[in-house]
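This is the structure we're talking about:
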């Protein structure tokens, strides 16, 4: 053992005692009061990586992210072979929405400790946020080799498999999660979504209902059931259940949007527009909501307002073929043929199949 490593391992009694007192403050919920103890521990032993790490975690919880970063930098510099310190640093990167850095910090932790479940899970979630879902699932599989009876890992795996369109693999993962924890509302909800994609709507309803019984406050389960009702054309039932989701979570943009679309399907135009406007107020950067509102306004022959909506959708997502195409159709109706041709040609350049895709309103909105 080198002199430096020996120094790191043999902390002075004063530094260790000060760290313990700081942690005691944390356990009592007195986080600000813990900081001076960690500072004193560092003063007593400037190479006490654990003191820097604990201070960093507390500062992170207090929202002092720059100071927390400095602590984690010191901790990983002093003890670069400590997997716990790298994982702590990854948590800060998550708070800062720095997914690539989070993923790398977790990888550093994993290289030092291949059985570090939290690091495997953290890396998987960070990779998922950057769209690297296949690699994310591989990380979860590695974690499951260490902890095969971890319900959360199976749930995450199923969720990412759903995003990839692997509904049967997702179903197997959710079934495994439910086998481990039959009272996991989120896993029943995930299974319900997988069954809906597979086409077994009755089983999907049963799973959503099971999820709701376990956790009546989970708005996502009501929303998911509403989506299935929409797919079956049961619009009035869908409206009711989307309403339940909105009561629980008034900022649920997707619930407002799909309730609006369901109102549109039964011909209640005023309610449809009311719900679309609520969704826009919550998510003004959603091109889908602007586009859908524009489609309805065009049906009502409110052409200038419809064009405004399509322009909003295009501003947000310039390659929105549907918005370009419908704007072109309206301009043609208004007699502005040159600009109409430009818009329609733009839509066709983006998607040559656009004409076939547009039928009676939205492209596969209920899917």
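In the UniProt record's numbering, the protein residues as written are 1 to 367.
Ideal Cβ placement from N, Cα and C applies to all residues, glycine included.
On a predicted model such as this, the values are computed, not experimentally measured, just so you know.
Whole angstroms are fine: how far does the CA of residue j sit from the CA of residue i?
| i | j | result |
| --- | --- | --- |
| residue 103 | residue 85 | 14 Å |
| residue 356 | residue 301 | 22 Å |
| residue 304 | residue 220 | 36 Å |
| residue 254 | residue 121 | 27 Å |
| residue 140 | residue 298 | 47 Å |
| residue 241 | residue 188 | 18 Å |
| residue 138 | residue 194 | 20 Å |
| residue 149 | residue 181 | 9 Å |
| residue 136 | residue 111 | 16 Å |
| residue 341 | residue 144 | 56 Å |
| residue 354 | residue 290 | 18 Å |
| residue 96 | residue 106 | 15 Å |
| residue 22 | residue 62 | 15 Å |
| residue 214 | residue 66 | 40 Å |
| residue 116 | residue 153 | 13 Å |
| residue 52 | residue 75 | 6 Å |
| residue 108 | residue 31 | 28 Å |
| residue 294 | residue 159 | 32 Å |
| residue 347 | residue 130 | 29 Å |
| residue 173 | residue 40 | 48 Å |
| residue 313 | residue 321 | 10 Å |
| residue 211 | residue 155 | 14 Å |
| residue 217 | residue 248 | 7 Å |
| residue 35 | residue 45 | 15 Å |
| residue 94 | residue 126 | 8 Å |
Classify residue i as helix, strand or coil using the three-state DSSP reduction.
| i | result |
| --- | --- |
| residue 45 | coil |
| residue 369 | For the chain, the structure presents residues 1 to 367; residue 369 sits outside this window and is missing. |
| residue 195 | helix |
| residue 61 | helix |
| residue 53 | helix |
| residue 218 | coil |
| residue 32 | helix |
| residue 252 | coil |
| residue 336 | coil |
| residue 110 | helix |
| residue 283 | coil |
| residue 76 | helix |
| residue 319 | coil |
| residue 183 | coil |
| residue 353 | coil |
| residue 345 | helix |
| residue 267 | coil |
| residue 361 | For residue 361, the pLDDT reaches just 39, beneath the cut-off of 50, and the residue's location in the model is therefore unreliable, leaving the point undetermined. |
| residue 308 | helix |
| residue 240 | helix |
| residue 225 | helix |
| residue 302 | coil |
| residue 39 | helix |
| residue 209 | helix |
| residue 200 | coil |
Using a 10 Å radius around the Cβ and a threshold of 16 neighbouring Cβ atoms, would you call residue i buried or exposed?
| i | result |
| --- | --- |
| residue 99 | buried |
| residue 338 | exposed |
| residue 275 | buried |
| residue 9 | Low confidence applies to residue 9: its pLDDT is 41, below 50, so where it sits in the model is not reliable enough to give any reading. |
| residue 43 | exposed |
| residue 228 | buried |
| residue 396 | Here the chain has residues from 1 to 367 only, and residue 396 is not among them. |
| residue 19 | buried |
| residue 132 | buried |
| residue 24 | exposed |
| residue 224 | buried |
| residue 179 | exposed |
| residue 123 | buried |
Start and end of the alpha helix (DSSP H) containing residue i?
| i | result |
| --- | --- |
| residue 232 | Element bounds for residue 232: n/a, residue is neither H nor E. |
| residue 287 | 287-299 |
| residue 176 | 167-180 |
| residue 80 | Unbroken run through residue 80: none, as it is neither H nor E. |
| residue 134 | 133-146 |
| residue 161 | 151-163 |
| residue 115 | Note, residue 115: premise wrong, no alpha helix (DSSP H); not H, not E. |
Considering only their Cβ atoms, is the gap separating residue j from residue i smaller than 8 Å?
| i | j | result |
| --- | --- | --- |
| residue 49 | residue 78 | yes |
| residue 232 | residue 282 | no |
| residue 88 | residue 72 | yes |
| residue 343 | residue 324 | yes |
| residue 239 | residue 263 | yes |
| residue 265 | residue 235 | yes |
| residue 161 | residue 177 | no |
| residue 38 | residue 54 | yes |
| residue 370 | residue 60 | Given that the chain is displayed from residue 1 to residue 367, the structure contains no residue 370 and the question cannot be resolved. |
| residue 327 | residue 307 | yes |
| residue 207 | residue 192 | yes |
| residue 260 | residue 279 | yes |
| residue 205 | residue 230 | no |
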